[in-house]
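Asks:
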Amino acid sequence: MALKSQNLDLPREPGVYLFKNKSKKVLYVGKATDIKSRVKSYFSSNPDRLMIPKLVQNTETIDYIVTINPDEALILERELIRKHKPRYNSRLKDDKSYPLIVLTNEEFPRIMYTRNPPEGSRVWGPFPNVGAAKKLIQLLRKQFGIRDKDCRGKDGCLSMQIGLCKGPCLDPDNYENIVKIVTNVLDGKGIQIIGELTKEMDKFSENREYENAANQRDLIRAIQSTISQRIITSRFYRECDAIGFASRGNLGIVTILHAKKGIVQGQQTWPLIHRGDVEDSICRFLSEYYSTNVPPPLILLPCNISGFLSDWLLKRRGSKVELRIPKKGKLTELKDLADKNAKIKLKKEFMSSFGSLEKRALNECANYLEMESLDHIVCFDMSQLQGDVRVGACISLKSGRPEKSEYRKFNVRGEQLDDIHMMIEVISRWLKKQKKWPDLLLIDGGKTHLDYIFNLLKEHNLENKILIAALAKKEETLFRLNKEPLILDKRGRALIFARDEAHRFVNQFHRKSRQKNILKDPLESIDGLGAKKIQTLLRFFGGRQGLLRASVEDFCSVPGIGKSLAKRIYDGLN
């Protein structure tokens with residue numbers, strides 16, 4: 002079966018998406034700021050790349066991993082492409098990695114930007130935004146004087162002479178403190194320096210030094226951009242699994258983010274029956290999952306687990322398995338990301354389950370009424386008030402859910418004032434424009450309504466194509482052709498919902514129509530003045546011009562009009 006965009010339930014979040022074939026082999030990996038919108042674009046009639054139609058044709062499923070921001074999505078996309086080498090990814094297939102920011106492990110550490118860090122160095126990244134990372138290095142050198150070259154000259158180097166290096170080779174005092182500050186910034190603790198730069202930027206703006214203010218702004222953005230790129234990779238991750246969990250009712254979702262060598266390499270998700278105890282659900286999952294998979298040396302958990310299971314994981318791995326509930330730092334960020342993905346998957350699974358409940362209700366109702374199917378129901382209702390505004394409407398339910406694109410409104414054109422003849426006109430107009438017929442045509446009314454509409458169907462030679470029924474509000478009684486009336490119980494709730502939805506929709510339309518008429522005729526907005534009294538007034542004064550010339554005393558002389566009403570009429574017209 003061809004994959005269709007409307008069948009996909011995807012989040013509007015940043016992340017990566019994976020097109021997979023029947024064998025679950027990854028065909029394509031992409032990144033997006035909005036996963037749903039990006040994936041939907043692959044199904045447009047005007048694809049922006051030649052390979053897309055073939056990719057979509059060969060795709061059986063589309064998986065996704067949500068990230069904190071688009072920068073992380075770019076990094077994760079890179080790693081997944083390197084891992085899976087998808088057939089349809091033409092870019093990023095080379096095995097080069099993104100550059101890293103490095104602090105060397107020397108007596109006086111140097112800062113550098115490289116793909117090949119010296120052994121023992123502290124590493125941050127990778128950084129896909131090369132420009133932002135380079136600006137950050139320039140900023141750190143300018144602000145703190147951390148060196149970037151190995152220079153042992155007697156007079157120092159050019160960088161020292163122009164203020165970009167503190168010259169620790171000549172004067173090592175305080176250089177260790179500088180390295181600590183730079184390390185904090187690279188660890189994502191750049192709030193303080195951003196605050197200082199913001200104050201400087203504001204001062205430049207006040208002094209109308211706009212070029213300097215713009216430079217400060219660019220530096221602030223460089224720090225913000227760089228420290229935001231690093232949640233998907235970190236030296237703290239080592240080799241670990243982060244277990245995310247979310248639940249709603251008896252439905253639970255477990256998500257595992259797999260990290261290796263400091264890089265998130267993939268995600269897996271499992272639904273399970275949740276009995277209200279998170280520890281019980283997590284323990285059941287761990288015992289099942291790691292019975293066929295070797296546990297990593299570190300597992301991040303949402304809760305404590307039993308000592309027995311801890312010992313079992315140790316035996317499964319053959320060495321120590323650290324179980325941790327992270328409270329702060331980079332491991333917490335990874336764990337939170339696993340939780341976020343679990344929550345999104347839970348929402349998708351819950352909506353799918355909710356749809357199944359609706360389908361089950363329809364099947365239950367169909368069996369109750371001895372019908373083959375109730376996938377498509379159309380229901381009609383009419384509304385009027387004292388014959389002033391006469392309208393009708395129909396709603397459409399497909400698989401138990403409102404199909405709003407098939408809702409219709411009708412203004413009654415004929416002179417008839419009773420519900421039955423109004424409904425005959427409206428349904429007759431509806432029939433002329435239909436190409437497909439519902440499983441059930443439901444009308445709001447009783448046995449008389451049913452007989453009249455059946456005769457209408459006979460006139461159109463449709464009596465054998467459309468099954469009809471009428472649902473009366475009193476005791477929720479259902480009338481069908483050649484069958485005894487049936488008082489609906491909970492098995493008929495799908496029909497009651499259809500009738501109530503039609504009633505809501507037609508009444509909403511009727512209110513709006515009345516409001517439009519009130520704007521046209523000020524008489525209808527006067528409290529206590531109904532349709533009959535309006536007709537009496539018009540006849541008494543010979544039309545609207547006579548009404549406009551009348552005084553309060555003139556209105557009092559009309560039969561049925563008292564002094565207070567006469568005053569309201571006069572005020573309303575003037």
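In terms of this note's numbering, the sequence shown is residues 2 to 575.
Beta carbons: idealized from backbone N, C-alpha and C, even for Gly.
Starting from L19, follow the alpha helix (DSSP H) in both directions and report where the run begins and ends.
Replies: Note, L19: premise wrong, no alpha helix (DSSP H); beta strand (DSSP E) at G16 to K21.
Asks: Please report the distance separating the alpha-carbon of M202 from that of L81.
Replies: Rounded to whole angstroms, M202 to L81 spans 40 Å at the Cα level.
Asks: Within a Cβ cutoff of 7 Å, which residues of the same chain sit near T115, ignoring the five residues on either side of it in sequence?
Replies: Closer than 7 Å at the Cβ level, and outside the excluded window around T115, lie P100, L101 and V103.
Asks: Using the C-alpha atoms, what's the distance from R414 back to V559?
Replies: Taking the straight line joining both Cα atoms gives about 32 Å.
Asks: By a C-beta neighbour count over all protein chains shown, 10 Å radius and 16 as the cutoff for buried, is D420 buried or exposed?
Replies: Buried.
Asks: Please return the same chain residues whose Cβ sits closer than 8 Å to the Cβ of D219, not counting the five positions on each side in sequence.
Replies: Within the same chain, D219 has close Cβ partners K136.
Asks: Please work out which residues of its chain come closer than 8 Å, Cβ to Cβ, to T184, disregarding the five sequence neighbours upstream and downstream, and give them in chain order.
Replies: Within the same chain, T184 has close Cβ partners L104 and R123.
Asks: Which residue marks the beginning of the alpha helix (DSSP H) containing L539, and which one marks its end?
Replies: Residues A532 to F542.
Asks: Beta carbon of S311, beta carbon of L324: below 8 Å?
Replies: Yes, they are a contact pair.
Asks: Give me, in chain order, the residues of the same chain whose beta-carbon lies closer than 7 Å to that of Y89; leave out the 5 immediate sequence neighbours on both sides.
Replies: Excluding positions up to five away in sequence, the list reads L28, Y29, M52 and L56.
Asks: Going by CA-CA distance only, name the one from T270, W313, K321 and Q268 that's closest to S288.
Replies: The shortest C-alpha separation from S288 is found at W313.
Asks: Which residues mark the beginning and the end of the beta strand (DSSP E) in which G31 is found?
Replies: First-last of the beta strand (DSSP E) with G31: V27 to A33.
Asks: Going by DSSP, which residues form a beta bridge with E323?
Replies: DSSP, once it has assigned bridges, lists L299 as partnering E323.
Asks: Can you give me the C-alpha to C-alpha distance between V40 and N59, rounded to a whole angstrom?
Replies: Approximately 15 Å between the Cα atoms of the pair.
Asks: Might you give, ordered along the chain, the residues of its own chain that have their beta carbon closer than 7 Å to the beta carbon of E407, omitting 5 neighbours on each side?
Replies: Excluding sequence neighbours, E407 sits near S397.
Asks: Taking the alpha-carbon positions, what's the I570 to L530 distance?
Replies: Cα to Cα, I570 sits roughly 8 Å from L530.
Asks: Can you tell me the Cα-Cα spacing of I195 and F44, whole angstroms?
Replies: The straight-line gap from Cα to Cα measures roughly 43 Å.
Asks: Output the residue ranges of the beta strand (DSSP E) runs that lie fully inside the region 420-506 and measure 3 residues or longer, sorted by chain position.
Replies: Correct list: 441-445, 469-473 and 478-481.
Asks: Starting from F411 and walking both ways along the beta strand (DSSP E), at which residues does that stretch end?
Replies: R409 to N412 is the span of the beta strand (DSSP E), which, as asked, contains F411.
Asks: How big is the Cα-Cα spacing for V553 and L574?
Replies: Between V553 and L574, the C-alpha separation is close to 11 Å.
Asks: With DSSP as the reference, identify every bridge partner of M202, one or two as the case may be.
Replies: For M202, which the question treats as bridged, DSSP gives no partner whatsoever.
Asks: With DSSP run on the structure shown, which of helix, strand or coil describes D219?
Replies: DSSP places D219 in helix when its eight states are reduced to three.
Asks: Please work out which residues of its chain come closer than 7 Å, Cβ to Cβ, to T199, disregarding the five sequence neighbours upstream and downstream, and give them in chain order.
Replies: I221.
Asks: On a CA-only basis, which of E334, G277 and A499 is nearest A260? Give me that one, please.
Replies: The candidate whose alpha carbon is nearest that of A260 is E334.
Asks: Could you name the residues of the same chain whose beta carbon sits closer than 7 Å to that of V295, not counting the 5 residues immediately before and after it, in chain order?
Replies: So the list reads R317 and R318, once near-sequence residues are dropped.
Asks: Which residues in the same chain have their Cβ closer than 6 Å to the Cβ of D340, if we skip the five residues on either side of it in sequence?
Replies: These residues qualify, in order along the chain: G245.
Asks: Buried or exposed: where does S320 fall if 16 or more other Cβ atoms within 10 Å of its Cβ makes it buried?
Replies: Result: exposed.
Asks: Evaluate the contact criterion for the region 359-369 versus the region 419-435: three or more CB pairs, one atom per stretch, below 8 Å.
Replies: No, the region 359-369 does not touch the region 419-435.
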